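Asker: With the working numbering, letter number 41 in the sequence shown gets 41, and the count goes up by one each step, no holes. Think of the CB as a built atom: it goes at the ideal place given N, C-alpha and C, for glycine as much as any other residue. Just so we're clear, the structure is a prediction, and the values are computed from it rather than from any experiment. One structure follows; several queries about it will come next.
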Amino acid sequence: MGFIKGKDQYMTFNLINLTASLASEVRLTMGAGELDESTIGNNWQAFDQGQANANVAVSGVMDDGTAATSLDTVMFANINAGGTKLWEYCPAGSASNRIKYNGNGFLTSYEVGAPVSDKVGFSAAIRVAGSVTRSTVA
């Protein structure tokens with residue numbers, strides 16, 4: 001059993017590869033809501049699991065935005081147009097038999113900026129709309 005290297009990650013949104021020298025961090029966060037089933041007279045709270053949910057966060061270095069498939073062009077268009085788009089995240093890269101998570105989601109934020117002495121960066125958040133599928137790369 002080996003460790004997964006962060007440098008091998010692969011992430012796409014709306015079929016655009018965000019990790020092709022741009023993204024420096026990707027995070028898939030999955031969770032479940034809690035349903036409070038407490039009743040009057042009990043000393044301890046009672047909970048049940050609610051619905052599952054997920055978010056994807058990606059950040060990195062900004063491209064110049066001039067190509068039709070550039071990160072800025074795609075992200076700006078998606079934050080403007082709305083609607084769900086396909087995303088795919090492969091923590092160990094996109095080679096055969098590697099773990100793959102995917103689903104549909106919509107862009108909830110897209111941020112661009114930098115201090116005067118650094119490269120311009122970006123961050124984006126994707127809200128998963130529906131379920132997350134876990135499989136392997138074909």
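(1) Do you know offhand how far N14's Cα is from K5's?
(2) Just to confirm the assignment, what range does the beta strand (DSSP E) spanning M30 have?
(3) Among residues of its own chain, excluding the 5 on either side of M30, which ones have a beta-carbon nearer than 8 Å to its beta-carbon?
(4) Taking the beta strand (DSSP E) that I79 belongs to, which residues open and close that run?
(5) Which class does K7 belong to by DSSP, given the choice of helix, strand or coil?
(6) Which residues does DSSP list as the beta-bridge partners of D48?
(7) Skipping 5 residues on each side, what residues in its chain have a beta carbon closer than 8 Å to that of Q49?
Answerer: In short:
(1) As a first step, residue 14 is located in the sequence shown; it is residue number 14 there, counting from the start. As a first step, residue 5 is located in the sequence shown; it is residue number 5 there, counting from the start. The straight-line gap from Cα to Cα measures roughly 24 Å.
(2) Walking along the sequence shown from the start, residue 30 turns up at place 30. Element bounds for M30: A23 to D36.
(3) Translated into the one-based positions of the sequence shown, residue 30 becomes position 30. Once the five neighbours on either side are set aside, the close Cβ partners of M30 are A52, N53, A54 and V132.
(4) As a first step, residue 79 is located in the sequence shown; it is residue number 79 there, counting from the start. Segment L71 to A81 is the alpha helix (DSSP H) holding I79; no beta strand (DSSP E) there.
(5) The residue you call residue 7 lines up with position 7 of the sequence shown. Looking at K7 - three-state DSSP - the assignment turns out to be helix.
(6) Taking the sequence shown and counting its residues from 1, the one referred to as residue 48 is at position 48. In the DSSP output, where bridge partners are listed per residue, D48 has L35.
(7) Residue mapping note: residue 49 aligns to position 49 of the sequence shown, counting from 1. Here Q49 has A32, G33, E34 and L35 as same chain residues with Cβ atoms under 8 Å from its own Cβ, once five neighbours each way along the sequence are excluded.
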